[in-house]
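Only one structure is covered here, and it is reproduced in the block below.
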Amino acid sequence: MEYTDSEMMIVCSARALAGERVVFVGVGLPNIACNLARHTVSPNLELVYESGVFGARPARLPLSIGDPSLVSGAASVCSMADLFMNYLLGGRIEVAFLGAAQIDRYGNINTTVIGDYHHPQIRLPGSGGACEIAIHARKVYVIVRLSRRTFVERVGFVTSPGHLSGEPGQRAALDMPGLGPQLVVTDKAVFRFDRSTGEMMLSSLHPGVTPETVQAEVGWPLAVAPDLETTLPPTEQELRLIRQELDPGQLYSR
Amino acid sequence: MEYTDSEMMIVCSARALAGERVVFVGVGLPNIACNLARHTVSPNLELVYESGVFGARPARLPLSIGDPSLVSGAASVCSMADLFMNYLLGGRIEVAFLGAAQIDRYGNINTTVIGDYHHPQIRLPGSGGACEIAIHARKVYVIVRLSRRTFVERVGFVTSPGHLSGEPGQRAALDMPGLGPQLVVTDKAVFRFDRSTGEMMLSSLHPGVTPETVQAEVGWPLAVAPDLETTLPPTEQELRLIRQELDPGQLYSR
Amino acid sequence: MKPDTKVMTMRDAIATYVKDGDTLALEGFTHSIPFAAGHEIIRQGRRELTLCRLTPDLLYDQMVAAGCVRKLVFSYLGNPGVGSLHCIRRAIENAIPRPLEIEEYSHFGMVARYTAGAAHLPFFPVRSYQGTDLHRANPLIRFVESPYGDGPVGVVPPLNPDVTIVHAPRADARGNTQFWGLLGVQKEAAFAARQVIVTVEEIVDEGVIRSDPNRTLIPHLVVDAVVRQPRGAHPAYVQGYYDRDGEFYLEWDRISRDPGLTAAWLQEWVYGVPDWEGYLDKLESRQAEIWQRLAPGTALSEPVNYGVYGG
Amino acid sequence: MKPDTKVMTMRDAIATYVKDGDTLALEGFTHSIPFAAGHEIIRQGRRELTLCRLTPDLLYDQMVAAGCVRKLVFSYLGNPGVGSLHCIRRAIENAIPRPLEIEEYSHFGMVARYTAGAAHLPFFPVRSYQGTDLHRANPLIRFVESPYGDGPVGVVPPLNPDVTIVHAPRADARGNTQFWGLLGVQKEAAFAARQVIVTVEEIVDEGVIRSDPNRTLIPHLVVDAVVRQPRGAHPAYVQGYYDRDGEFYLEWDRISRDPGLTAAWLQEWVYGVPDWEGYLDKLESRQAEIWQRLAPGTALSEPVNYGVYGG
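Chains R, W, F and Z are the protein sequences, given in the same order.
Just so you know, we're using the working numbering here: the first sequence kicks off at 573 and counts up by one.
Just so you know, we're using the working numbering here: the second sequence kicks off at 573 and counts up by one.
Just so you know, we're using the working numbering here: the third sequence kicks off at 34 and counts up by one.
Just so you know, we're using the working numbering here: the fourth sequence kicks off at 34 and counts up by one.
Right, dumping it as structure tokens:
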């Protein structure tokens with residue numbers, strides 16, 4: 573069956589939620605991925621939204637993390653102070669998804685600015701909750717399209733810390749409870765991180781993609797996992813769920 | 573008309589609420605005093621309860637600050653975190669009432685222990701919210717019966733700071749937003765504090781009480797206000813309100 | 034993460050989650066105090082407990098008298114509206130039935146400790162304690178210099194109980210728990226705990242809970258056991274369910290002054306009954322009209338519309 | 034203290050309480066954003082404002098484009114689900130229509146600033162910012178050493194707006210204001226402010242409010258003005274009243290990319306109408322079916338019993 577890049581990213585993200593129980597979910601692809609995981613690899617997955625919602629049962633595809641459909645019928649809705657303090661800092665989040673305008677060799681993420689902070693070339697949205705998520709969630713999964721503009725040797729501004737300069741123990745020394753980024757899902761490949769060097773490494777190539785294609789879009793000499801795999805394409809069941817139930821309007825998965 | 577010591581204490585406390593708008597109220601005499609003030613000198617007085625209640629309309633005389641009658645029909649009921657943070661520390665309280673097991677020359681209050689802290693002669697209840705009240709409420713009114721056991725030169729343990737050692741500016745130097753104790757209402761007399769020395773001084777004698785009677789129950793040479801007054805006895809209206817409306821069972825005002 | 038089916042008997046919930054030596058918080062400010070759970074802890078003979086609570090109230094007085102307790106973490110020791118907690122005073126003043134260690138704060142200090150515990154903050158600023166002797170009595174109360182030039186600020190450390198137990202009006206079977214009336218520190222104490230037992234007046238269909246998600250202060254995410262225990266807060270009250278049994282608070286003042294009477298009371302009302310149902314049976318056999326006496330009238334909240342979006 | 038009669042027109046409320054140079058917080062996370070109040074501020078020509086908000090959203094994009102704003106205090110600059118806030122980007126990147134000072138935090142940093150502001154705490158610990166460049170960009174983010182030996186902890190200072198404006202489903206005439214749905218930081222921002230304006234879908238009898246006191250997150254104690262302004266959050270939504278007008282969020286992306294179109298839009302929809310009723314009339318004249326399109330179905334909360342005690 574044919575599938576889109578977005579569908580592949582959703583499927584890879586969903587599969588990586590196998591065995592996980594509590595996920596901090598952003599809107600768009602992560603939202604669809606989390607719901608796909610609930611229908612497949614992780615039926616008891618609990619979704620927590622930054623906006624204050626736990627245990628949502630949306631009657632439609634939510635258009636933002638503040639969508640009213642997330643509230644009606646939810647198990648609990650709390651203030652943002654309670655959400656950040658009691659869920660995120662409280663260590664209840666096992667996996668969180670982040671996007672990135674830039675991500676570097678060690679998984680550090682920039683969503684703040686391109687160019688000088690005070691005289692920016694491009695002003696990006698900023699942290700939102702990403703800085704706290706990167707520090708406190710036990711694992712971070714990044715969803716981002718592969719591009720040389722995005723995958724840079726060193727980000728110009730660290731909004732959300734990854735493995736910092738790569739030396740082991742740095743995160744713990746800076747009192748970060750979370751393990752940092754564990755997975756980067758793109759439209760061409762999936763990356764993991766080398767535990768001893770903190771460095772991003774190519775872990776799985778989507779069907780038909782070569783390592784050279786990936787390297788061309790990455791701004792540093794890319795490490796390759798010894799057990800480099802080819803990503804299993806989306807199954808019929810996964811595609812059916814995405815297309816018929818989770819994003820019937822193909823708003824995000826097109 | 574005849575009246576009891578408690579009724580006199582209630583009336584003195586209520587009158588001192590003239591012009592005040594937001595009072596932090598304990599149960600018992602302060603509760604009745606605040607409600608009497610609403611019926612007389614301060615009709616717009618707002619009552620805040622440590623338990624989390626604002627704008628209570630109790631259908632009966634509440635037996636504790638946690639009484640369910642304070643909740644039903646209240647304007648707002650919040651958590652204790654919100655009550656302490658947003659009302660008390662937030663500087664919204666103009667007057668608060670405190671009791672005392674010991675109170676000293678400078679209005680410092682002990683409700684923790686008589687004797688050594690670790691090997692106490694008498695273990696008292698402790699602070700509750702009194703320590704924060706003494707620091708943050710703009711003014712503190714103390715209601716306590718006059719007794720040499722209670723009015724001591726120096727309290728054995730400071731639970732709730734008053735004017736400390738009396739030197740002006742000490743409270744501000746310790747970052748205390750409130751002005752400290754302004755009034756001590758007893759069954760024999762009313763005391764205020766000298767602004768320049770921080771010292772308690774006899775301000776008003778209840779009818780028939782002599783300065784000597786008061787001095788006999790106070791453990792230091794008592795200063796006397798230059799304008800020492802005789803307390804006006806409870807009016808008929810005040811007594812009627814207490815007896816018929818506010819404490820018809822004479823639970824506290826007997 | 035917590036399993037999906039959490040409804041247990043009180044006996045099983047306490048036996049499963051409460052161990053000798055644990056640090057426990059049985060919270061509820063005047064309102065909805067988990068007496069039934071506390072009695073079961075006494076009955077099961079737990080020992081060497083550290084008990085945390087703003088206001089130990091009669092429940093901790095009873096648990097101290099029963100010899101369950103090594104240490105008390107608190108901010109106000111009183112029988113509200115009545116006077117002293119005599120059993121706790123005996124333990125502190127005279128080491129009866131055993132020495133009792135104490136760790137003492139003010140109310141806001143305790144609130145801040147639970148809040149910091151829930152959020153895994155290393156400390157919480159309280160802007161309190163300056164000019165008092167409380168930080169001399171408790172070296173865990175400390176001061177930090179404000180980095181904005183406001184001088185030293187009192188701080189307290191996080192409190193993370195092994196088990197928090199709260200009593201609530203209603204929850205669903207998974208543990209989504211709703212509260213109304215005085216909220217105390219129940220939410221903070223639950224999120225701060227490693228394990229949470231919720232005892233409730235009613236277990237309701239999850240549709241009831243989900244019709245009003247803003248009232249769910251404790252989500253199933255943090256709940257380990259749900260125990261249906263109607264009237265489980267007696268002699269305290271539950272807003273809208275029953276009134277406080279003020280008579281018992283007065284009677285306890287009389288009983289607790291005397292170690293012999295206290296022991297006899299524990300024997301009769303706690304050890305001498307198999308469970309809370311036994312306690313309630315005994316109560317009703319003595320006072321046939323008790324629940325009529327304590328019944329409030331009805332005052333329903335006006336509903337709000339959450340709206341249906343999509344579907 | 035606040036007077037008893039607080040119901041005012043939007044025009045009077047803004048004219049009375051919002052001054053040039055003020056620090057304002059118009060809060061509401063996606064939900065219940067006070068657009069009507071913001072438009073009135075633009076219409077009255079306020080200048081040199083410092084605007085605080087976690088997510089500036091379209092409202093602050095419009096206020097920046099209108100030249101009201103000197104400085105922005107924020108944590109996320111985005112058109113949610115759509116993309117950039119083009120007017121704010123133009124101001125930051127190219128000083129159009131004027132230079133815009135920024136002071137930037139993360140979401141929890143902003144939440145913590147309001148929380149500290151409400152409680153008059155000199156700082157609030159967030160356990161964040163280590164390993165980032167955010168504290169290099171904003172020197173108000175600092176670190177203190179934990180007195181319990183946990184190392185340096187990120188802290189933020191209190192935020193105390195001159196005026197906080199929130200939109201809510203209902204309040205009584207004195208200002209007791211109830212919320213359901215997403216709660217954002219409305220409570221904290223209100224308690225932190227020197228003055229508070231509440232705009233509401235409905236002003237209800239105080240009996241409605243007092244039937245459910247736990248839902249009153251902002252008490253009349255801190256409220257200065259109550260403005261009845263149905264549909265006052267359009268194009269944002271109010272839970273149970275109307276849906277988000279997603280089409281306008283998309284349209285604003287197109288309009289706001291072009292300074293000329295932006296100016297024309299402000300002229301037509303803000304300066305060119307006398308008040309929010311004028312805006313709504315124009316909206317309905319263009320889209321007769323708009324409120325049917327945005328109407329949610331009904332999903333009422335199950336009532337709870339608070340009980341009648343005494344009386």
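Idealized CB from N, CA, C, for every residue including glycine.
All values derive from a computational prediction rather than experimental measurement.
Run of the beta strand (DSSP E) containing residue i, from where it starts to where it stops
{"i": "D104/F", "result": "The amino acid occupying residue 104/F in the given sequence is Lys; Asp does not appear at that position. Run containing K104/F: V102 to F107, per the beta strand (DSSP E) assignment."}
{"i": "T197/Z", "result": "V196 to A204"}
{"i": "D799/R", "result": "A795 to T802"}
{"i": "I711/W", "result": "Correcting the residue identity first, residue 711/W is Lys in this sequence and not Ile. Where K711/W is concerned, the enclosing beta strand (DSSP E) stretches over K711 to I715."}
{"i": "L250/Z", "result": "T249 to I251"}
{"i": "E178/F", "result": "R175 to E178"}
{"i": "P185/Z", "result": "P185 to V189"}
Residues that residue i bridges to, as DSSP identifies them
{"i": "I675/R", "result": "I681/R and F723/R"}
{"i": "F596/W", "result": "V620/W and A668/W"}
{"i": "E136/F", "result": "V106/F"}
{"i": "H64/Z", "result": "Y270/Z"}
{"i": "Q228/F", "result": "V196/F"}
{"i": "C85/F", "result": "A58/F and V106/F"}
{"i": "G330/Z", "result": "V341/F"}
{"i": "N112/Z", "result": "G116/Z"}
{"i": "I686/W", "result": "I694/W"}
{"i": "I236/Z", "result": "A204/Z"}
{"i": "R732/W", "result": "Here the sequence assigns Ser to residue 732/W, which means Arg is not the residue at that position. Answer is I681/W."}
{"i": "A631/R", "result": "G343/F"}
{"i": "F626/R", "result": "V620/R and S648/R"}
{"i": "P158/Z", "result": "V188/Z"}
{"i": "V40/Z", "result": "V259/Z"}
Where the alpha helix (DSSP H) containing residue i begins and where it ends
{"i": "E808/R", "result": "E808 to R812"}
{"i": "F212/F", "result": "From DSSP, F212/F is part of no alpha helix (DSSP H); its letter is neither H nor E."}
{"i": "K220/F", "result": "Q219 to A225"}
{"i": "C650/W", "result": "Counting along the chain, C650/W falls outside any alpha helix (DSSP H), and DSSP gives it neither H nor E."}
{"i": "V643/R", "result": "P640 to V643"}
{"i": "Q325/Z", "result": "I323 to R326"}
{"i": "A895/W", "result": "The shown model of chain W, from 573 to 826, leaves out residue 895/W, and the question about it has no answer."}
{"i": "R79/F", "result": "Where R79/F is concerned, there is no enclosing alpha helix (DSSP H), given that its DSSP letter is neither H nor E."}
{"i": "R261/F", "result": "Premise fails: R261/F lies in the beta strand (DSSP E), A258 to R261, not in any alpha helix (DSSP H)."}
{"i": "T49/Z", "result": "M43 to Y50"}
{"i": "S578/R", "result": "D577 to R587"}
{"i": "D361/F", "result": "The structure shown does not extend to residue 361/F, since chain F is modelled only from 34 through 344, so no value can be given for it."}
{"i": "I604/W", "result": "L601 to H611"}
7 Å Cβ cutoff met for residue i and residue j
{"i": "E739/R", "j": "R677/R", "result": "no"}
{"i": "I121/F", "j": "V97/F", "result": "yes"}
{"i": "I637/R", "j": "L818/R", "result": "no"}
{"i": "P753/R", "j": "G728/R", "result": "no"}
{"i": "T56/Z", "j": "D195/Z", "result": "yes"}
{"i": "R558/W", "j": "E126/F", "result": "With chain W running from 573 to 826 in the structure shown, residue 558/W is simply not present."}
{"i": "F176/F", "j": "P185/F", "result": "yes"}
#### Entry: 3-residue-minimum beta strand (DSSP E) runs that sit fully inside the region 740-788 of chain W, ordered along the chain
For the region 740-788 of chain W, whole beta strand (DSSP E) runs of length 3 or above, ordered along the chain, are 753-757, 761-765 and 772-777.
#### Entry: Continuous beta strand (DSSP E) assignments of at least 3 residues falling wholly in the region 266-296 of chain Z
DSSP runs (the beta strand (DSSP E)) wholly in the region 266-296 of chain Z: none.
### Task
Could you run through the region 145-158 of chain F and flag, in chain order, every residue whose CB is less than 9 Å away from some CB of chain Z?
A149, A152, H153, L154, P155, F156, F157 and P158
### Query
Any residues in the region 219-249 of chain F with a beta carbon nearer than 7 Å to a beta carbon of chain R? Which ones, in chain order?
F224, I242, R243, P246, N247 and T249
### Within 7 Å of chain Z by C-beta, residues of the region 330-344 of chain F in sequence order
G330, T331, A332, L333, S334, E335, P336, V337, N338, Y339, G340, V341 and Y342
### Query
In the region 176-200 of chain F, which residues sit with their C-beta less than 9 Å from some C-beta in chain Z, listed in chain order?
F176, V177, E178, S179, P180, Y181, G182, D183, G184, V186, V188, P190 and P191
### Proximal residues, the region 606-627 of chain R versus chain F, C-beta separation under 9 Å
N616, E618, V620, V625, F626 and G627
### Task
Taking only beta carbons into account, state which residues of the region 262-281 of chain F come closer than 8 Å to chain Z, listed in chain order.
Q272, G273, Y274 and D276
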